[in-house]
Amino acid sequence: MTIDDQLAADLKTAMKAGDKVRVEAIRSARAALQSARLEAARARYEAAARAIEQQFAHDAAARDAALAAIETGGQEALDPAEQVAVIAREVKRRQEAAEMYRKGGRIDLATREEAEIAVLEAYLPRMLSADELRPEVAAIIAELGLSGPAAIGKLMPVLMERFKGRAEGRTLNQVARELLAGA
């Protein structure tokens, strides 16, 4: 079951239960996923249009016919990694909002944002802790033959790619710096 399917099922349950915070969080997550699907469809259309423009640059009639034939109606579902990325962005957006509300003295709004974060985090894979990351990051450092704090620039892109969706960038950076400083 995809995140989108799970959100749809959970929305029905939350509505029946009268859980307003959960309903609001799920609705906004579903809207963000819909927006991401539309954006992906728009990007595919624009890429196809650019390719047609280049291919038929000297034949206006053929270009116009090819542009008219581009499929515009089909919205393909986002793959699971893209869905996770959308939900993660929603969580991050709420974390930033909660922080701003706290700074502004609006504890009630910050609490609401944090409640929505808790709802949305249930749809994300569990993030690895610093203790779980240390041995894996150490192995990658050894594999790449890196040492010293100056190597962080070469290491971080590799770590971000390998642990995408499984670890937070801040935690990866902290573990990498510790291991490189001790190496």
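Residue numbering for the sequence shown follows our numbering, starting at 1 and increasing by one per position. Cβ atoms here follow ideal geometry from the backbone N, Cα and C, with glycine treated the same way.
Are the Cβ atoms of Val86 and Ala122 separated by less than 7 Å?
no
Does the beta-carbon of Gln83 have 16 or more other beta-carbons within 10 angstroms, so that it is buried, or is it exposed?
buried
Rounded straight-line distance, which links the Cα of Leu146 to that of Arg30
42 Å
Quick one: what's got a C-beta closer than 8 Å to Pro149's C-beta in the same chain, skipping five residues either side?
Arg177, Leu180, Ala181
May I ask you to report which of helix, strand or coil DSSP gives Leu67?
For Leu67, the three-state secondary structure derived from DSSP is helix.
Endpoints, alpha helix (DSSP H) assigned at Asp108
107-121
Where Arg94 and Asp10 are concerned, what is the direct C-alpha to C-alpha distance, given to the nearest angstrom?
A straight line joining the alpha-carbon of Arg94 with that of Asp10 spans about 20 Å.
Straight-line gap, Arg134 to Val175 (C-alpha atoms, nearest Å)
Straight-line Cα distance between these residues: approximately 6 Å.
Under three-state DSSP, which class holds Lys164?
The answer is coil: DSSP assigns Lys164 none of H, G, I, E or B.
So, Glu90 versus Ala49, is the Cβ gap smaller than 7 Å?
no
Please specify which runs of the beta strand (DSSP E), each continuous and at least 3 residues long, are wholly inside the region 21-58, giving them in chain order.
none
Going straight from the alpha carbon of Ala97 to that of Ile141, what length do you get?
36 Å
For Pro125, does the three-state DSSP call read helix, strand or coil?
Three-state DSSP puts Pro125 in coil, outside helix and strand.
Three-state secondary structure (DSSP) at Asp79?
coil
Whose CA, out of Leu128, Leu144, Ala138, lies closest to the CA of Gly169?
Leu128
Under the rule that 16 or more other beta-carbon atoms within 10 Å means buried, what is Ile3, buried or exposed?
buried
Three-state secondary structure (DSSP) at Leu180?
helix
Please report how far the alpha carbon of Leu155 lies from the alpha carbon of Leu120, in whole angstroms.
30 Å
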